[in-house]
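Presented below is the structure to which this report refers.
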Amino acid sequence: MNWNTGVIITCILLAFFVVWKEYARGNKARLLQRIIAVVAVVVAIACIALPITYHADIAKQDNSEAVLLTEGLNTDSLNLYSAEKLFTLNKDIKNTIHKAVLLNNVDDLVNDFKISRLRILGNGLYAEDLQQLNHLPVIFNLNQVPVYDGITTISWNEKLKIGEELNIQGSFRNSSAKKIKLILKGLSTGLDSISIGTDTLSSFNLSTIPKSAGNNIYRLLAIAGTDTIERETIPVQIEPVKPLKVLILTASPDFEIRFLKNWLSEKGYSIAVRSAISKDKFNKEFINMQQFSLDHLSASLLGHFDVLIGDLAVLKTLNGADAAVLQQAVTQKGLGVVIRADSTQRSNSWLQRDFPSDRLAGKDPLPVSLISQGKTVKFAKLNAGMVYISSQNNTQSLVSDEHGRILAASILAGAGKLVFTPLNNTFSWVLNGNKNDYANLWSLLITKAARATPVAEHWSILSAIPSLSNPVQLQLETATNPSSIKIGEADIAPLQNSLMPFEWRVSYRPQVSGWQSVKQANGLLNWFYIYKDDDWKIIRTLRRLADTKAYITKNAISLNVTKQIHEKITIAVSKIYFYVLLLIAFVYLWVEAKFL
Amino acid sequence: MDKRTGLYKIGAIRKWYIGSQLIADVLFAVAFSVIVSALVTDVFRASELWVLLLFVLSMLILLFVRKSWMVKDGVISNFLDQHYPELEESSSLVLKSGDELNLLERLQLAKVEGYLQQIPQSHPSFLKRIKLALLLLIVALGINWLARKHHSLVSIANHLAISSEKSKVPEIILPEISAVNVTVNPPAYTGKTKREQDKFTLNVEDGATVTWKITTNVAVKQVLLLFNDKEIITLKSLSTGKIQWQAQKQITKPGFYQVNVDGKLSDLYQVQVITDQPPVIHIKSPKQYTYIDAGEARKISIDAAINDDYGVGNALIFATVAKGSGEAVKFKEYKLDFSTSFSGHQSQYNLQKLVNLQTLDMEPGDELYFYIQATDTRQQQSRTDVYTVSIQDTAQLLSMDGMLSGVNQKPEFFRSERQIILDTEKLLKDKDSVSTQKFNNRSNDLGVDQKLLRLRYGKFLGEESESDINPADEKNDPVGDINNYGNAAVILDKYTDKHDNAEDAQFFDPELKKQLKATLTEMWKAELQLRLYKPQEALPFEYKALRLLKDLQQKSRMYVAKTSYNPPPLKLEKRLSGDLSKITEPAYKQDIKPGTDQFENLKKAVAILEQLKVKPQLNELDEHVLALANQQISLKASAQPGIYLSALSAMRRILSKQANVKLYDIALVERAIQKTLSPPQKTPASTQNSIDMGLSQEYYKNLNRLNR
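If you're matching them up, the sequences are chains A and B in order. For what it's worth, the working numbering labels the leading residue of the first sequence as 80, then goes sequentially. For what it's worth, the working numbering labels the leading residue of the second sequence as 633, then goes sequentially.
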């Protein structure tokens, strides 16, 4: 028995009881009126106890507009909207325009159902905030937006290995009549600079090789004359390099391998070298690793190593079992192979199939400058020999000479990579004392080939410029369920991606700026940088504009047609009527008993 | 009335003239004195007062030479007559008194008077001198400005040079120290006198003795000097009140030091050492290899310049004479001194020495090796390369050795040059005993012989006529001839390579031919001297020709040494069997640890400093790292105080934690770290696998299956 029926039955019984009591009363004067009064009392009590509703049609008028004031607002434009309701999310705007209502969240605005349209003044909102608007139509005038001078786009490699170059690229808009100098500073020392001409939007590229490992902060300064107009922070994490394990197979002992071995071993790399010295006789060397048999290749042996550097002659003439093991290790397990080519120009071996070579005409070619892929600085001159690789569609050129002849190229081979190079006298650089070029060339080739190391977790920051004013989105990739994620001291709960089970999202509102650590239980300590609110101001403003613009194109509205929307709604009858009825009935009964 | 206005007019014009002349004179005087002052102040550093005196003097001279105020009215009227034709040469009438004028003159005066009034007071020619003077003045001011600019640059440079000796930042001295007196006694080799300074920062010569005299304002127990954080020098109290302290130290290496007064350390003070450079010797003559031909004077003149930063102590020529050849070579050493005295210890000497080779007992065929060694006042030595002088050995030239042995491929007339030399020498010997006529005849005959010889050698070069032998007078250049203008054949003839040319179609290579040509030139010169009856002068050319011929002869020889090699006997049973079973495979194992990074602590300090900028607090671990980094900067600072000292004191301020860490101090330390660290080398690294629970693996498998 539910409430409603219980109440009704009780009230009916009560009604019969009170009517009977009235009837049984001695004084029969005004009997009818009194019966009506007591029935009214019972009805009123019943109605107070019962929820009484009715359905009604209402016509909604689609003209209730609210104005949201955001940063970069031109206060003069407010006069147009004096009649509208003003809202803002920014405390500073609230302080200047007292009429505006300060909101904590865009959500609050949406929940007020009377608003059917939102006009945004200023620079707009970020995509995260716009998402909460729930497709609410928005009016935003892009034409009012002024042109911002300064760094408009920026990108740099945030995580580096020691020895790698930090490259900062971006564009700068300078509409003033003054030339602007961009300076990259690290350790209070100017490291690189570029001059931006007047009245242009020009791109820039600054670079330096960081000297110390760990979390570093570089600064990017824009200077006009003697005034610093922008001062931005560039946080960079520089990680130490983990030494690799390298297996070297050669057809004969030679200088190239000897120098390579010496260079790698002095950096702490583990190296095993097998060089043929006679028929089925090998010279074996093990540096920084245990000694074991190298006579035959096996899956477990190749599993030890990250890279195999071998002469083409050796790799092609491996016996059937060894060759199969090698191919398996490369395509399935991701082992990388650096192949040192000889003068054979093409063959059907899977190692050489994709690298057809050509020979230069004539004798004794002159030394040529080598150019590394994507770099502008050339290597020193080298007598690169006669053979070069002819360009192929699916190969990637790594090193070429000044005439565009490819001298090292790589290709994917299943899970692994093949790097092919006919260079065989790079050791002459070391003999000339040019260790840098040697290190750069071989680092490129070996890095390109090296087997990717498996990791247990990977953190990435999804927010472009994480700052104090907005929550930071982090993404954790891990195969196991993460447990107890801590950012600084705070415990954070992750959210699993519904489609990619290994992706977990973490949202965090930072308290302080600077480097922050994030760590999951039994995971490694990872760092990310929280910017101050005035860092990268222009880029953030441009981002807001772009986000808002994108939102408008997605949620386009027809402005002038305001149509009537009919809606059936259930309206609860106010209890006050029944209280009044009850009171009147009681008053009548009291007055009748007292005075009449 | 009219006449008086006329007079007045002329007077006014005269005043104008005199005025303009005076202004011009003043301007001239100004210009002159400005020029002179510009030139003189630069050279003599004279004061401005002299310039004023010069101006007054030059103006007075100009005024009294010209005496322009003494110009008479008559001159003015003449001038007016010349320049204004309307006055009709009659302006002088105005000057005459009315009584002197006759009727005609009076009529003329009345006519001219009107014109005279219309004449302007000034005339452009009055201003001519003013303009000239102004022009001169502008030029003078320009010169003066340039001179001053140069002067100020020079003085700025001087000022900088001086100020760099002093410390750039004012020193911070302990409050206990009321006065300091540092006496620098430069070492004897510098020849400088003692100097005093009231600053702690030292910039002294290597080996200088420095005495500190420190006066404190209260009695203190102990005053120490702490050098490079290691060496301690205790100052002795001079007075009983323990107020005056003194210590002495010889400075030999750069670094820094601190003053310690009762355990209270001062700021760091820089010590820079000016090192003494060894002397620099430059030999202007002779050349590195000098060859004295027979007949030339056997003398060499050595011309050398020696420089040192403080003073040259001594310089000597070390000469070695090599006599004989082959195994019989003997050496004899000589020490030759320059005649100059070095007692003045000047910083530069220009030295000359004429060495007579005969006094060194040198004969033809001998060689002289010499070098110059200089010592400066600090006994630092430096020496030059070895220079060689050799005298031609005529005896060897004349020997028959080369021709007697082996196959002689040269024609017999090769011997004749030797004969001519012998005959020439005989002729010279007989000079006193024969008559001049006979002497001349014999000389001429020798000239004829020389000519015949030359013609015969000319045949080797394909030269047939007498005229085309001397390569010097090749005047008939067909290309240069105007008649051949536009004649392509002539030009082709000169510049094309003609294979069937008789000259080229011989066995001689171009090098040999060149030498043969040089021989012919020498013969020409010898013949010339012989025909001029000067056999003495002809001799050197004859010898030279002979030497060249000998060289030619030697070029056609070669020597192959006999060699012998006895191979070990072969084991025939093992030959070509291909058995490698007994050969063991070599295997090496080694562990190479990468070297430790000596700047590890500096690198660690970078992160701590960055953190300090935000949060000025140090925990114990950070402090330890910074202290280690401090040691490294300290080491650097003791080697190069000029660069690293400011960073070291900044680091100490950070570590002392006395007040809030200043951003400027952090920047200083950071800069020093950036300067110290070398960029790391790139090393190969592996990329990271993406964590995808085997998704990409699965994708690859399926792709492979589809492709199959």
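Beta carbons are placed, not taken as given, at the ideal position from N, Cα and C, and that holds for glycine.
Beta-carbon spacing of residue i, residue j below 9 angstroms
| i | j | result |
| --- | --- | --- |
| B/Lys931 | B/Asn982 | no |
| B/Gln876 | B/Tyr1019 | no |
| A/Phe665 | A/Cys126 | no |
| B/Val893 | B/Val855 | yes |
| A/Ser479 | A/Ile450 | yes |
| B/Gly927 | B/His977 | no |
| A/Leu188 | A/Leu147 | yes |
| B/Ile1298 | B/Leu1253 | no |
| A/Thr505 | A/Ala488 | no |
| A/Lys363 | B/Glu1217 | yes |
| A/Val591 | A/Ile618 | no |
Contacting residues, own chain, Cβ-Cβ under 7 angstroms from residue i (five flanking each side not counted)
| i | result |
| --- | --- |
| B/Asp1025 | Pro996, Gly997 |
| A/Asn83 | Leu129 |
| B/Thr972 | Tyr981, Leu983 |
| A/Ile485 | Tyr467, Ile468, Ser470, Ser476, Ser479 |
| B/Tyr649 | Val703, Ile708, Phe758 |
| A/Lys264 | Leu270, Tyr297, Arg298, Leu300 |
Bridge partner(s) assigned by DSSP for residue i
| i | result |
| --- | --- |
| B/Asn982 | B/Ala937 |
| A/Ile199 | A/Leu147, A/Phe219 |
| A/Trp669 | Beta-bridge pairing links A/Trp669 to no other residue. |
| A/Phe607 | A/Gln595 |
| A/Val585 | A/Leu553 |
| A/Ser379 | Looking at the DSSP assignment, A/Ser379 forms no beta bridge with any residue, so it has no partner. |
| B/Thr952 | B/Glu965, B/Tyr1001 |
| A/Val393 | DSSP lists no partner for A/Val393. |
| A/Leu239 | A/Ile317 |
| B/Ser1022 | B/Tyr923, B/Glu999 |
| A/Ala135 | A/Ile648 |
| A/Asp570 | A/Lys565 |
| B/Arg827 | B/Val816 |
| B/Leu856 | B/Thr866, B/Asn892 |
| A/Gly105 | Answer is none; A/Gly105 lacks a bridge partner. |
| A/His537 | A/Glu556 |
Close beta carbons around residue i, own chain, < 6 angstroms, minus the five adjacent residues each side
| i | result |
| --- | --- |
| B/Pro918 | Ile932 |
| A/Ile663 | none |
| A/Val320 | Lys240, Ile241 |
| B/Ile934 | Lys985 |
| B/Leu741 | Leu725 |
Where residue i falls, given that 16 or more other Cβ within 10 Å makes a residue buried
| i | result |
| --- | --- |
| B/Leu986 | exposed |
| A/Ile350 | buried |
| A/Gly413 | buried |
| A/Lys395 | buried |
| A/Glu311 | buried |
| B/Arg1179 | buried |
| B/Ser1209 | exposed |
| A/Arg623 | buried |
Tell me the start and end of each unbroken beta strand (DSSP E) in the stretch 874 to 949 of chain B that is at least 3 residues and wholly inside, in chain order.
-> The DSSP assignment places complete beta strand (DSSP E) segments of no fewer than 3 residues inside the stretch 874 to 949 of chain B at 876 to 883, 887 to 893, 901 to 906, 912 to 917, 921 to 924, 931 to 939, in order along the chain.
What are the uninterrupted segments assigned as alpha helix (DSSP H) that are 4 or more residues long and contained completely in the stretch 486 to 527 of chain A, given in chain order?
-> Under the rule that a run must span 4 or more residues, the alpha helix (DSSP H) segments found entirely inside the stretch 486 to 527 of chain A read 506 to 510.
Note down, one range per segment and in chain order, each beta strand (DSSP E) of at least 3 residues found wholly within the stretch 411 to 452 of chain A.
-> Within the stretch 411 to 452 of chain A, the complete beta strand (DSSP E) runs of at least 3 residues fall at 415 to 419, 436 to 438, 447 to 451.
Unbroken stretches of the beta strand (DSSP E), 3 residues or longer, contained in the stretch 274 to 303 of chain A = If we require 3 residues or more, the beta strand (DSSP E) runs fully inside the stretch 274 to 303 of chain A come out as 279 to 287, 293 to 303.
Along the chain, which unbroken stretches of the alpha helix (DSSP H) at least 4 residues long are found entirely within the stretch 1206 to 1275 of chain B?
-> Whole alpha helix (DSSP H) segments, 4+ residues: 1232 to 1246, 1252 to 1271.
Quick one: complete alpha helix (DSSP H) runs, 4+ long, within the stretch 1167 to 1204 of chain B?
-> The qualifying runs are 1167 to 1187.
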